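Chains as they are written, first to last, in our numbering: chain A, 1 to 381; chain B, 1001 to 1381.
Protein chains: 2
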Amino acid sequence: MKLSVRPKLSGNNAQRRPTLATVAEASGFSVSAVSLVLNDRPLARSLSADTRKRIQQAAAALNYRPDAAARSLRSRRSQLVGVMVFDIADPYCTLILQGIQATLQPAGLLPIIMDVHNQSDQFERFLGLAVERQVEGLIVVANWLFVEIDTLRRFERNGIPAALVGREFPSSVISSVLIDNEEGGRLAMEHLLELGHRNVAVIRGPRQLQDSDRRWRGMQIAARAAGVRLDPQLVVQMPESADPLQGHVAGADATRELLRRGKPFTGLLAFDDLTASGALRALYEAGCRVPEDISIVGFDDIPQAMLNTPSLTTVSQHLRQMGEVATEHLLGLIAAAQDNGSSAAKPAKAFIRLHPPALVRRESTGPVPKIAVGTPKVLRG
Amino acid sequence: MKLSVRPKLSGNNAQRRPTLATVAEASGFSVSAVSLVLNDRPLARSLSADTRKRIQQAAAALNYRPDAAARSLRSRRSQLVGVMVFDIADPYCTLILQGIQATLQPAGLLPIIMDVHNQSDQFERFLGLAVERQVEGLIVVANWLFVEIDTLRRFERNGIPAALVGREFPSSVISSVLIDNEEGGRLAMEHLLELGHRNVAVIRGPRQLQDSDRRWRGMQIAARAAGVRLDPQLVVQMPESADPLQGHVAGADATRELLRRGKPFTGLLAFDDLTASGALRALYEAGCRVPEDISIVGFDDIPQAMLNTPSLTTVSQHLRQMGEVATEHLLGLIAAAQDNGSSAAKPAKAFIRLHPPALVRRESTGPVPKIAVGTPKVLRG
DNA sequence: ATATCGAGTTACAACGTTTGAATAAGGGTG
DNA sequence: CACCCTTATTCAAACGTTGTAACTCGATAT
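Okay, structure coming up:
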């Protein structure tokens, strides 16, 4: 072992992290051999067992860790996946994030999470970053994202595999995983109908959200099937808002509006759980009890739905699972992109996966009150 | 312009992303010149204005973006900061995260967020990843982190600048930013005392959390100062739990226990907001009204505190701000580490910053009831 | 004796960027 | 005209990895 062969390494004792060269020197083999062994490449099979052992020991002794930058540069694989959420403070997002992270991890990929806060400049910035970092894929949690559809279109160009969660997007390239909103709306309405409610109020979500219309359609279908008429007087529309947490006050406002209109109702379908919590507040102020006087159903099943008093009956989106499904799909896309490389550019047709919702019965719904029409006190008589 | 000089570039039309060489070829200057100009290096001043313009135009035309991997490799700066949270689904974390992200962004640093889920193997994994990715700094949101203190100690070794949020850590290297829990406890207790409450119950937090004891101490101090005795019968202890969201059920259980003991009380200091929401539930079940019968104070001021019915009076931690402060401090550490390089290793003494809390008055507290001692119905008579 | 082989191992050229040193062309000055 | 000083520009060597091509060195076949 000629120790003075690499004066730079032995001389420079400003203790840098060990590199392949360090391990090579320590073990007495070449850099190539070390790389082969530590990556368990097929070629490493042709190295003698003893060599492999010595290299591994040396690496362990030095606590060697490959440099991700060098590796990405050389292998053109960043091991990074960009994840864009519209607002990380929204509980809706975090569960999906957990699903994404859990699925990415065994694949050896690291998520780069970015909160774009519904701002299109942040959106641009993130796209730029994603390209610079050479992310291998992109996941966008987009249900409450108000960025113009056109900006999303930009994804298609750069050719990076991408998946959307919570929003359908007409594209030949980008797939979507989202809840079956129509079915969810149906479930919610059916639940109230089964409990005997006939006067059902509805708080429709903001118009810019795809979800709003679909849930509403599902509710209508269920009502029609049961031969129940939905009184237009009992339907209110939430205003547009860029902040999902505003749902609470919007829900309270909408409910007060309903009460003001004076039309009696015993059931209330809120756009989502935050809306429902706002409704709870408004009803509480008005002095009517849930579920004794009025039953409320939410949507999403965010963790807080369980914490409300009374806890919310809601339509579960299985958010974590949706994150998992989207990520699994993305992993497939990434693998495909890696494979064909320059061969037949098989574009792996985009698909849209509607995730089945499930009704979660909790305390905010109950049988229709027997006395009178069960309207709140303020409306009786 | 000799087009065939670089056959590799012009021949290989499997359209890769443009590199410096591409821009160089297009503009007719050297790679060095392009690099100099695009990075606005001092040396670029010596290039003619015309040259600079042409290079910039070429880069823009090609939509050139530097490759982060190559750049990190060469410059030994990853532009990455590792951010560890104990549970990304905890609203406590997400606000801090927003503060971190907002502060990191103008500094050109990208956070790598990792949810370690209170598991020590995840913790290890993250540390490994952070080293591989050569993160320039580390932020740990650690208030509800149960990893043994020893594992945290490992941070000190690797020499990466680090900051903790929400937990004090005896270290000469790692700084902490956390709420002044004692002051917070004091504020909460004083608030109830000012409202006239004399029989105040307390739900103490899990023993493993530093926060628990300190808040308790602050409460005691305030009580003593006012000459009010805290009845041990009115103090309950939350069990240990690795899941912060469990706080809700633990809070409900603790409150039921308080009611069971039969000692009348009109005020209740909960460990945190989730605990308080659990208390709300238990009191609701027991048929007593908040704040008419009993006043409740939470801690943290998570967004959901506002959404409760009634909304929670609580002690605000200014979570976003704490994230910002910790990050700013970390940026300083990083800059220092970059500067001295091999010169005097000035270790930038670790500091502990106690963030001042603030009482937020909402609906869950009110004046002590006049009738009787204001005990819940079940306890009266 | 030489050609052939395969097992074991290594040299070397990338990947895209940065940067100190080097070069080339003017433009005075002695 | 040899000198040095700007000004404008490029060279070439890294950074740590990876993977292909090539090299040794015995052993076996010709």
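Note that beta-carbon positions come from the ideal geometry of N, C-alpha and C, so glycine has one too.
All of these numbers come straight from a predicted model, not from anything done at the bench.
Specify the secondary structure class of alanine 209 of chain A as computed by DSSP and reduced to three states. Residue 209 of chain A is actually leucine in this sequence, not alanine. In the structure shown, leucine 209 of chain A sits in coil (DSSP, three-state: anything other than H, G, I, E or B).
Secondary structure at histidine 355 of chain A, three-state DSSP: helix, strand or coil? strand
Which residue wins for smallest C-alpha separation from serine 1311 of chain B, given the options B:Gly1218, B:Ile1096, B:Ile1302? B:Ile1302
What residues in its chain sit with their C-beta under 7 Å from that of histidine 1197 of chain B, if we drop five residues either side in the sequence? Thr1266, Gly1267, Ser1295, Val1368
Output the boundary residues of the beta strand (DSSP E) element that contains threonine 1314 of chain B. 1314-1316
For methionine 238 of chain A, three-class secondary structure by DSSP: coil
Mind checking whether serine 291 of chain A and threonine 365 of chain A have CB atoms under 8 Å apart? Here residue 291 of chain A turns out to be proline, not serine, going by the sequence shown. Their beta carbons are under 8 Å apart, which means proline 291 of chain A touches threonine 365 of chain A by this criterion.
Please list the residues of the region 1105-1116 of chain B that have a C-beta atom closer than 7 Å to any C-beta atom in chain A, keeping them in chain order. Flagged, chain order: Leu1110, Ile1112, Ile1113, Asp1115.
State yes or no: is the beta carbon of threonine 309 of chain A nearer than 8 Å to at least one beta carbon in chain B? yes
Valine 23 of chain A - containing alpha helix (DSSP H), residue span: 20-27
Out of curiosity, what's the CA-to-CA distance linking tryptophan 144 of chain A and valine 1131 of chain B? 35 Å
Can you give the Cα-Cα distance for lysine 1053 of chain B and phenylalanine 1086 of chain B, rounded to whole angstroms? 49 Å
Note down, in chain order, each residue of its chain lying with its Cβ closer than 6 Å to the Cβ of leucine 1230 of chain B, except the 5 sequence neighbours on either side. Here the set comprises Ala1223.
Ordered along the chain, which non-local residues of its own chain (more than five positions away) have a Cβ less than 6 Å from that of arginine 362 of chain A? Residues Ser311, Leu312, Thr313 of the same chain have their beta carbon placed closer than 6 Å to that of arginine 362 of chain A, with the five preceding and five following residues left out of the count.
Rounded C-alpha distance that separates valine 1173 of chain B from isoleucine 1352 of chain B: 11 Å
Which chain B residues sit within Cβ distance under 8 Å of histidine 248 of chain A? Met1306, Leu1307, listed in chain order.
With 16 as the cutoff for other CB atoms within 10 Å, does threonine 420 of chain A come out buried or exposed? In the structure as shown, chain A begins at 1 and stops at 381. Residue 420 of chain A is therefore absent and cannot be evaluated.
Could you name the residues of the same chain whose beta carbon sits closer than 8 Å to that of arginine 1016 of chain B, not counting the 5 residues immediately before and after it, in chain order? For arginine 1016 of chain B, same chain residues with a beta-carbon under 8 Å away, outside a window of 5 residues either side, do not exist.
I believe alanine 252 of chain A touches valine 236 of chain A by the beta-carbon criterion, under 8 Å. Please report the beta-carbon distance rounded to the nearest angstrom. Actually they are not in contact, since the Cβ atoms of alanine 252 of chain A and valine 236 of chain A sit about 12 Å apart, beyond 8 Å.
The beta strand (DSSP E) spanning serine 960 of chain B covers which residue range? Nothing can be reported for residue 960 of chain B, as the shown portion of chain B is limited to 1001 through 1381.
Status (buried if at least 16 other CB within 10 Å, exposed otherwise) for alanine 60 of chain A: exposed
To the nearest angstrom, how far is it from the Cα of aspartate 1272 of chain B to the Cα of alanine 1142 of chain B? 16 Å
Residue-level contact to chain B via CB, glycine 267 of chain A, 8 Å cutoff: no
Who are the neighbours of glycine 384 of chain A on chain B, taking C-beta pairs under 8 Å? No statement about residue 384 of chain A is possible, as the shown extent of chain A runs from 1 to 381 and does not include it.
Is there contact here, the region 72-86 of chain A with the region 109-123 of chain A, by at least three beta-carbon pairs under 8 Å? They touch, by the three-pair rule.
Nearest to arginine 1261 of chain B by CA position, among B:Leu1062, B:Ala1201, B:Thr1051, is which residue? B:Ala1201
Considering only residues of the region 1048-1073 of chain B, which uninterrupted alpha helix (DSSP H) runs meet the minimum length of 4 residues and lie entirely inside it, listed in chain order? Entirely contained in the region 1048-1073 of chain B, the alpha helix (DSSP H) runs reaching 4 residues are, in chain order, 1049-1062.
Take the Cβ of aspartate 1040 of chain B as the centre, count every other Cβ of all protein chains shown within 10 Å, and call the residue buried at 16 or more, exposed below. exposed
If you drop the 5 nearest sequence neighbours on each side, which residues of the same chain put their C-beta closer than 6 Å to that of tryptophan 1216 of chain B? Arg1204
Starting from glutamine 1099 of chain B, trace the alpha helix (DSSP H) both ways and give me its first and last residue. Note that residue 1099 of chain B is glycine in the sequence shown, not glutamine. Glycine 1099 of chain B -> alpha helix (DSSP H) spans 1091-1104.
Valine 23 of chain A versus A:Tyr64, A:Ser46, A:Leu43, A:Glu148, residue with shortest Cα-Cα distance: Ranking the options by Cα distance to valine 23 of chain A, first place goes to A:Tyr64.
Please list the residues of the region 272-306 of chain A that have a C-beta atom closer than 8 Å to any C-beta atom in chain B, keeping them in chain order. Leu274, Ser277, Gly278, Leu280, Arg281, Tyr284, Pro303, Gln304, Met306
Please tell me whether leucine 171 of chain A and valine 147 of chain A are closer than 8 Å, where the distance is taken between their beta carbons. Checking the sequence, you will find serine at residue 171 of chain A rather than leucine. Contact: no.
is_contact[serine 316 of chain A, chain B] using C-beta, thresh 8 Å: no
Buried or exposed: where does glutamate 183 of chain A fall if 16 or more other Cβ atoms within 10 Å of its Cβ makes it buried? buried
Got a sec, what are the start and stop residues for the beta strand (DSSP E) leucine 178 of chain A sits in? For leucine 178 of chain A, the enclosing beta strand (DSSP E) starts and ends at 175-179.
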